[in-house]
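Remember, my numbering sits 24 above the position in the sequence shown when you count from 1.
Each residue gets a CB set at the ideal place from its N, CA and C atoms; glycine is no exception.
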Amino acid sequence: MLDRVSAKLSDIVRQVSGKSTISEKNIQEAVDEIKLALLEADVNLRVVRRFVNRTIEEASGEAVLRSVSPAQQFIRIIHDRMVGLLGDERQDLELKGPDTVSVILLMGLQGSGKTTTAAKLARLLQKQGRRPLLIAADLVRPAAVEQLAVLGRQVGVPVYLEEGARDPVKVVKAGLRKAEKEQFNTVLVDTTGRMQVDEAMMAELARIRDIAAPVESLLVADAMTGQTAVDVAREFDGRIGVSGIILSKFDSDTRGGAALSLKTITGKPVKFIGVGEKLEDLEPFYPQRIAGRILGMGDVVSLVEKAQQTIDQDEAERLAARMQSATFTLEDYLEQFQRVKKMGSLQSLIDMIPGAKGQISEDDVNEQEIKREEAIIYSMTLEERRNHRIIGPPRRKRIAHGSGTSVYDVNKLLKKFEKMRTMMRKMTRNKKYQAQVLSRMGGGR
Ligand SMILES: Nc1nc2c(ncn2[C@@H]2O[C@H](COP(=O)(O)OP(=O)(O)O)[C@@H](O)[C@H]2O)c(=O)[nH]1
Ligand SMILES: [Mg+2]
Numbered sequence: 025m026l027d028r029v030s031a032k033l034s035d036i037v038r039q040v041s042g043k044s045t046i047s048e049k050n051i052q053e054a055v056d057e058i059k060l061a062l063l064e065a066d067v068n069l070r071v072v073r074r075f076v077n078r079t080i081e082e083a084s085g086e087a088v089l090r091s092v093s094p095a096q097q098f099i100r101i102i103h104d105r106m107v108g109l110l111g112d113e114r115q116d117l118e119l120k121g122p123d124t125v126s127v128i129l130l131m132g133l134q135g136s137g138k139t140t141t142a143a144k145l146a147r148l149l150q151k152q153g154r155r156p157l158l159i160a161a162d163l164v165r166p167a168a169v170e171q172l173a174v175l176g177r178q179v180g181v182p183v184y185l186e187e188g189a190r191d192p193v194k195v196v197k198a199g200l201r202k203a204e205k206e207q208f209n210t211v212l213v214d215t216t217g218r219m220q221v222d223e224a225m226m227a228e229l230a231r232i233r234d235i236a237a238p239v240e241s242l243l244v245a246d247a248m249t250g251q252t253a254v255d256v257a258r259e260f261d262g263r264i265g266v267s268g269i270i271l272s273k274f275d276s277d278t279r280g281g282a283a284l285s286l287k288t289i290t291g292k293p294v295k296f297i298g299v300g301e302k303l304e305d306l307e308p309f310y311p312q313r314i315a316g317r318i319l320g321m322g323d324v325v326s327l328v329e330k331a332q333q334t335i336d337q338d339e340a341e342r343l344a345a346r347m348q349s350a351t352f353t354l355e356d357y358l359e360q361f362q363r364v365k366k367m368g369s370l371q372s373l374i375d376m377i378p379g380a381k382g383q384i385s386e387d388d389v390n391e392q393e394i395k396r397e398e399a400i401i402y403s404m405t406l407e408e409r410r411n412h413r414i415i416g417p418p419r420r421k422r423i424a425h426g427s428g429t430s431v432y433d434v435n436k437l438l439k440k441f442e443k444m445r446t447m448m449r450k451m452t453r454n455k456k457y458q459a460q461v462l463s464r465m466g467g468g469r
């Protein structure tokens with residue numbers, strides 16, 4: 025994934041990190057190298073210029089040059105800018121509540137991965153407790169309907185299809201009626217793609233959009249096509265309206281041109297990435313994590329962790345506020361995992377909570393365990409994540425089944441989570457303790 029651009033940029037970061045002082049000249053040199061790396065990665069020229077100007081502007085300030093750790097400061101700026109290119113905050117799907125039908129329209133060029141992504145996304149949403157229905161509205165490619173039928177079967181999501189149908193708008197209408205009648209609350213519409221953006225495709229999509237009134241119109245764009253993906257996104261947005269982008273084939277994209285240009289050029293967030301051909305290969309897109317990966321933050325952990333702490337300051341403060349109001353939920357808990365991954369070290373989670381060292385064993389935070397716990401929480405509905413108390417035995421069984429774990433694992437996680445909450449509640453009664461936690465999380469700086 026993004027191996028080539030990452031190799032270049034992490035090299036630059038490593039070089040900078042070895043310096044004890046930084047001059048305007050060093051900054052200019054490093055920025056020039058980054059500029060080359062980005063251009064080679066097929067990042068849009070406008071994006072590159074903006075990145076360069078802003079980085080120089082921020083880094084040339086006296087603050088950096090006079091700073092006790094100029095290299096760290098500078099790398100933090102590069103990191104922040106990179107996160108900005110990728111879209112800042114994670115943007116999730118904006119779906120309606122479970123009692124109304126939310127339509128998700130999937131569009132894109134032929135071969136971009138629409139049909140596969142429709143099935144992947146349906147699978148993911150079902151795991152989150154929604155009731156998805158797939159509609160086969162690509163009637164141009166002969167095998168497209170059959171392809172979706174097979175994929176639907178594989179992920180266990182029903183597919184609405186009409187053999188030999190000619191009019192996709194009719195199919196979508198009928199599919200929506202079925203959804204209403206049978207209480208499906210999330211409808212994913214797979215549509216026709218062409219080799220290139222053309223008028224017939226746009227007209228058909230516009231008709232489908234008008235009758236389906238989607239809450240999400242997602243463009244599935246092939247990451248490997250670089251700037252073409254960006255141009256395609258602009259055209260679809262101009263004509264149909266795009267609410268978000270799914271970057272498919274991210275696993276094969278070594279350059280990163282699309283990922284790094286899309287947000288700046290189109291203003292549309294990347295919401296998911298396709299990371300393989302298998303049906304579980306769809307991941308939420310986390311700008312911070314990808315930026316970390318691109319810059320090879322894992323390799324320079326010792327140096328960057330400090331910088332990272334500053335970056336995480338807002339996050340830490342928000343979290344601390346939640347601890348104080350004792351509303352720490354499984355969702356927040358899940359967020360901690362992302363944070364741990366981002367920082368590249370599991371121990372850091374334990375270290376952040378004073379007194380946790382004896383209480384939470386190393387064993388509680390091994391990679392395997394984290395993966396399992398993540399799977400378990402992903403298999404919960406939002407309601408369950410926000411209020412774990414409602415998770416009784418039948419729900420535990422369902423969650424265990426959905427996450428491929430056992431009821432024992434689910435029980436274990438819930439018990440551990442309760443223990444953490446209790447610990448936090450104790451903490452919140454003690455002001456000095458709080459300050460200590462905050463500072464360890466980087467919030468006190
Ligand atoms: N490696 C990889 N292949 C993908 C990904 N998404 C889709 N594909 C492959 O891309 C090809 C085209 O996908 P398809 O869903 O039929 O595209 P559509 O024409 O837009 O519906 C298939 O061979 C998929 O397996 C992905 O994220 N990674
Ligand atoms: Mg298709």
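Let me know if residue i comes out buried or exposed under the rule of 16 or more other beta-carbons within 10 Å of its beta-carbon.
i: ILE377; result: Low local confidence applies: a pLDDT of 49 at ILE377 is under 50, so the model's placement there is unreliable, with the coordinate-based value given in what follows. Classification for ILE377: buried.
i: ASN68; result: buried
i: ASP56; result: exposed
i: MET367; result: At MET367, the pLDDT of 49 sits below 50, so the modelled position is not reliable and the matter cannot be decided from this model.
i: ASP167; result: According to the sequence shown, residue 167 is Ala rather than Asp. Its Cβ having fewer than 16 others within 10 Å, ALA167 is exposed.
i: ASP214; result: buried
i: VAL40; result: buried
i: SER34; result: buried
i: PRO94; result: buried
i: ARG488; result: Given a span of 25 to 469 for the chain in the structure shown, any question on residue 488 remains unanswerable.
i: LYS443; result: exposed
i: GLY42; result: exposed
i: THR446; result: exposed
i: GLY180; result: exposed
i: LEU63; result: exposed
i: VAL256; result: buried
i: GLU397; result: buried
Going along the chain, which residues of its own chain have a beta-carbon closer than 8 Å to the beta-carbon of residue i, five neighbours each way excluded?
i: ALA399; result: SER427, GLY428, THR429
i: GLY178; result: The sequence as given places Gln at residue 178; Gly does not occur at that position. The residues are ALA143, LEU303.
i: ILE80; result: ILE51, GLN52, VAL55
i: GLY176; result: ALA143, ALA146, LEU158, PRO182, VAL183
i: GLU408; result: GLY153, LEU354, ILE414, ILE415, ARG419, ILE423
i: ASP529; result: Examination of residue 529 is not possible in this model, given that the chain is present from 25 through 469 alone.
Can you check DSSP and say which residues form a bridge with residue i?
i: THR215; result: ALA161
i: GLY153; result: According to DSSP, which records beta bridges pairwise, GLY153 is partnered with nothing at all.
i: SER241; result: LEU129
i: GLY298; result: LEU306
i: TYR184; result: ILE159
i: GLY250; result: In the DSSP output, where bridge partners are listed per residue, GLY250 has none listed.
i: LEU271; result: ALA245, ILE297
i: THR210; result: SER126, PRO156
Among the options, which one has its Cα closest to the Cα of residue i?
i: THR124; options: LEU158, GLU408, PHE208; result: PHE208
i: ASP66; options: ASP305, ARG279, THR353, PRO417; result: ARG279
i: ILE264; options: LEU229, LYS194, GLU64; result: LEU229
i: ARG190; options: ALA161, GLU397, GLU113; result: ALA161
i: GLN392; options: GLN96, GLY135, ASP433; result: ASP433
i: GLU118; options: PHE296, ILE36, SER30; result: PHE296
i: ARG73; options: ARG410, SER403, LEU284, MET444; result: LEU284
i: ASP261; options: ASP246, ALA237, ASP275, GLY291; result: GLY291
i: GLN115; options: GLY281, ASP275, PHE352, ILE269; result: ILE269
i: THR252; options: GLY281, ALA203, ALA224; result: GLY281
i: LEU163; options: ARG410, GLY250, VAL195, HIS103; result: VAL195
i: GLN97; options: SER47, ALA227, VAL174; result: SER47
i: ALA247; options: ASN435, ASP277, PHE352; result: ASP277
Residues in its own chain within less than 7 Å of residue i by CB, not counting five upstream and five downstream?
i: LYS120; result: SER126, VAL239
i: GLU259; result: VAL221
i: GLY111; result: LYS287, PRO293, VAL294, PRO311
i: MET106; result: ALA315, ILE318, LEU319
i: VAL193; result: ARG231, ILE232, ILE235
i: GLN134; result: GLY217, ARG218, MET219
i: LYS197; result: ILE235
i: ARG155; result: GLN207, PHE208, ASN209, THR210
Contact check, residue i vs residue j under 8 Å by CB: the rounded distance?
i: LEU212; j: LEU158; result: 5 Å
i: GLU307; j: VAL294; result: Between VAL294 and GLU307 the Cβ distance is about 11 Å, and since that is not below 8 Å, they are no contact.
i: THR141; j: LEU130; result: 6 Å
i: ILE289; j: VAL254; result: 5 Å
i: LEU354; j: ILE401; result: 5 Å
i: GLY132; j: LEU26; result: At roughly 21 Å, the Cβ-Cβ gap does not stay under 8 Å, so GLY132 and LEU26 are not in contact.
i: VAL76; j: LYS59; result: 5 Å
i: LYS151; j: SER403; result: 6 Å
i: SER84; j: ALA245; result: At roughly 35 Å, the Cβ-Cβ gap does not stay under 8 Å, so SER84 and ALA245 are not in contact.
i: VAL169; j: LEU185; result: 5 Å
Cutting at 6 Å between CB atoms, please list the residues of its own chain near residue i, excluding the five before and the five after it.
i: THR405; result: GLY153
i: LEU200; result: none
i: LYS32; result: ALA61
i: GLN171; result: THR139
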